[in-house]
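The next block holds one structure in the form of structure tokens; read it before the comments.
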Amino acid sequence: MARIDLDLAHAYKPNPQSDEDYALLPLKMAFEDGGAYALLGPSGCGKTTLLNIVSGLVKPSQGTVKYDGRDVTALTPQARNIAQVFQFPVIYDTMTVAENLAFPLRNRGVDAQRIQQRVGRIAEMLELSGQLDVRAAGLAADAKQKISLGRGLVREDVSAVLFDEPLTVIDPHLKWQLRRKLKQIHHELKLTLIYVTHDQVEALTFADQVVVMTRGRAVQIGSASELFERPQHTFVGHFIGSPGMNFLPVRREGDALVVAGRRIANGPVAAGPAGEATLLGVRPEYVTLAEPEGAGALPAVVAQAQDIGTYWLLTARAGDATLRARLAPGQPVPAVGATAWLQVQGSHTCFYKDDRLVAQGGAWQ
Amino acid sequence: MKPVNQKAWLMILPVVLCVAFSAILPLMTVVNYSVQDIISPERRVFVGTEWFKQVMRDDDLQGALLRQITFSAAVLLCEIPLGIGLALAMPAKGWKSSAVLVLVAISLLIPWNVVGTIWQIFGRADIGLLGAALTGLGFDYDYTGNSTHAWLTVLVMDIWHWTPLVALLCYAGLRAIPDAYYQAASIDGATKFAVFRYIQLPKMRGVLMIAVLLRFMDSFMIYTEPFVLTGGGPGNATTFLSQYLTQKAVGQFDLGPAAAFSLIYFLIILLLCFVLYNWMQRIGTVQEGEEVSHG
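As they're listed, the protein sequences go chains A and B. With the first letter of the first sequence counted as 1, position 113 gets the number 113 in the numbering used here; the numbers rise by one all the way through. Each position in the second sequence, counted from 1, maps to that position plus 1000 in the numbering used here.
Listed below in structure tokens is the structure:
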């Protein structure tokens, strides 16, 4: 177990010139000992590269990786004593399930009795006990992936366990079970876990801290509620949430804000410089139906109203901008084509300049 | 009752015709010869299994069969490990891998009789590089006179000619292993040998099976190269089955015994391939039955 400090950048090409040449732009971050982390982002954002750098499969082109303050940048995964589970199941075809689980221990010369004990315990955790003597090659994909997970967890002295989208091949109902299992294992073993995924639900339910990444950059590190309530970057607002945050161009005129050609009240702050253009961000969850001409509300023409099961999703046009709203059950749903007044200004409203959060709480300072 | 549409049989008619004309009819001609004594084009006598009995009791044939089996076994024992080793040593990426692939494949592009001629000259003690070198080193090397030398020369020639095929097949098998396996092995702390034993070798099982079958069949039917190199001699030290058959059928024009022997030859290859194939299949899946019972 270890605290992991990263201060690095990585490019697969030699002599990177522009930002596009980097798989990972310069970043500085720390994974605390015993924490459960998720690296979340779309495909190609650099999350797997970051994970492979942590494990030692990839050597960063610049900077260092430190475990508990010790520089391990040049060390192999084995010397770092790290465990990693990959996206697709990797099993040793000719071995039984038990031999597969024992393999990492056997390679490190652990004595037979201890191996048997550990394998038994891990198999029990992952519900593989009944299949220990079966050849791994003939099993289904999800059982194989459980073996891969087991091999990642079988050593107790590892610095950290890294997961690279490990549940991709697993059936949805089993996904929930396994994710719960991993959380449970995290609580029991107090290992540092880093979990790569592009699925926000997976990231937010698994991890205490989620690192949101895009285009080789870690744009925000925070808990689920921080990412939801205060996205530090428009990408986080857009990527987290279903659907993502609404962004409307906004201008300030005196002590009022101009959104979609309409003046609405600013929050309780002193008036600042006028005319500055930026973006107003508000989550669909916080866009509510308002009284006509209400303070902080916009008139919008309803383009679509969808029943999503537990809520109604309203898509409306306010000027050039599109607004989405999640209406709580029981609320009247406006008809398509009708004009609805939608509340965009409130305590959950954020303001962005150059994609970065500049003000929140509905008050643009 | 479900209606039965017999017209569907027409769909397989082209295949049936192709197979009939390319395989079954020629084979039946051989079967026809093998049970008759053809004295002249007009006169023929049905002799039943007499040719088969005669051929089976033939000492020369038994000798050729024994030499053939020993030769094929030696070919497999040398070429398969060598091919695997070569494939493991070949570079995986970049211009080097392309260059090595071309170099390795060269011997496969040479016609059989040219291979025989090359080695005939190569092995000569007066002007051949191999023969002169061995003689210079003090060996009494003479592949035309010494039957052991002749046999070994034919074996080395076959290894030189065909190991690249095994190597190329293994190389393809190795390249098909996803990187994640090597990464996982490195995470699990596996040694190089463990990586070979538990990842590379099992993953090459499919291509190795093809390599073994191809090399077995080809070496069991070897004809041109030893014919050119040694002509089956000295004595009959390098007379393998197909050469023996040719002597019978073309040299002596004993069509009946030659046909009977052809059939036996064909059945031996079929049987040995069947045995090899099933044995190799079993290696990987010994506990299949248990898996089913475990559910």
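Where is the CB? At the ideal position from N, CA and C, for every residue including glycine.
In the DSSP secondary-structure assignment, residue 246 (chain A) is bridged to A:282. For residue 1075 (chain B), the secondary structure class from DSSP, reduced to helix, strand or coil, is helix.
Residue 315 (chain A) and residue 201 (chain A) have their C-alpha atoms roughly 23 Å apart. Taking C-beta separations shorter than 6 Å and ignoring five residues to either side along the sequence, residue 1175 (chain B) has no partners in its chain. In the same chain as residue 1074 (chain B), and ignoring 5 residues on each side of it, the C-beta atoms closer than 8 Å to its own belong to 1155, in chain order.
Looking at the DSSP output, residue 349 (chain A) bridges to nothing. Comparing alpha-carbon positions, the option among A:211, A:243, A:152 and A:352 lying closest to residue 280 (chain A) turns out to be A:352. It is roughly 55 Å from the alpha-carbon of residue 1072 (chain B) to the alpha-carbon of residue 45 (chain A). Each residue's CA atom was taken as its position, placing residue 1120 (chain B) and residue 1228 (chain B) some 8 Å apart.
In the DSSP assignment, residue 195 (chain A) falls within the unbroken beta strand (DSSP E) covering 193-197. The way I'd put it, the segment 208-220 of chain A doesn't touch the segment 254-269 of chain A; fewer than three beta-carbon pairs between them come closer than 8 Å. With contacts defined by Cβ atoms closer than 9 Å, residue 231 (chain A) and residue 357 (chain A) form a contacting pair.
Residue 302 (chain A) has A:316 as its beta-bridge partners, per DSSP. In terms of CA proximity to residue 174 (chain A), A:141 leads the group A:162, A:141 and A:158. Taking 9 Å as the cut-off, the beta carbon of residue 103 (chain A) is found closer than this to the beta carbon of residue 1198 (chain B). Residue-level contact by beta carbon holds for residue 82 (chain A) and chain B, with a gap shorter than 9 Å. The beta-carbon of residue 108 (chain A) is placed less than 9 Å from the nearest beta-carbon of chain B. For residue 88 (chain A), the residues of chain B that pass the 9 Å Cβ criterion are 1178 and 1180, in the order they occur in the chain.
With respect to residue 42 (chain A), residue 239 (chain A) sits close: the two C-beta atoms are nearer than 9 Å.
With contacts defined as CB atoms closer than 9 Å, residue 82 (chain A) and residue 137 (chain A) fail to qualify as a contacting pair. With respect to the 9 Å criterion, residue 360 (chain A) and residue 296 (chain A) are not classified as neighbours on the basis of their beta carbons. In the DSSP assignment, residue 115 (chain A) forms no beta bridge with any residue.
Per DSSP, residue 233 (chain A) is not a residue of any beta strand (DSSP E), being assigned neither H nor E. Contacts with chain B at 9 Å (Cβ-Cβ) do not include residue 197 (chain A).
Annotation: residue 288 (chain A) to residue 209 (chain A) spans about 29 Å, alpha carbon to alpha carbon. Restricting attention to B:1209, B:1079 and B:1216, the CA atom closest to the CA of residue 1281 (chain B) is found in B:1209. When C-beta distances to chain A are compared with 9 Å, the residues of the segment 1200-1218 of chain B below that value are 1201, 1202, 1203 and 1205, in chain order.
Taking a beta-carbon distance threshold of 9 Å, residue 1189 (chain B) counts as an interface residue toward chain A. For the 9 Å CB-CB criterion, residue 1190 (chain B) and residue 1034 (chain B) do not form a contact. Per DSSP, residue 39 (chain A) lies in no alpha helix (DSSP H) segment; the continuous beta strand (DSSP E) that holds it begins and ends at 36-40.
Taken through DSSP and simplified to helix, strand or coil, residue 240 (chain A) comes out as coil. Restricting attention to beta strand (DSSP E) runs no shorter than 3 residues, the segment 75-129 of chain A encloses them at 83-85, ordered along the chain.
Considered as a whole, the segment 1083-1130 of chain B harbours 1094-1105 and 1112-1122 as its complete alpha helix (DSSP H) runs of no fewer than 4 residues, in chain order. Counting only Cβ-Cβ distances below 9 Å, residue 1183 (chain B) has contacts in chain A at 52, 55, 57, 77, 84, 86 and 90, in chain order.
Beta-bridge annotation (DSSP): residue 288 (chain A) is paired with A:343. In the pairwise beta carbon analysis, the segment 1255-1275 of chain B is classified as not touching the segment 1140-1159 of chain B: fewer than three pairs are separated by under 8 Å.
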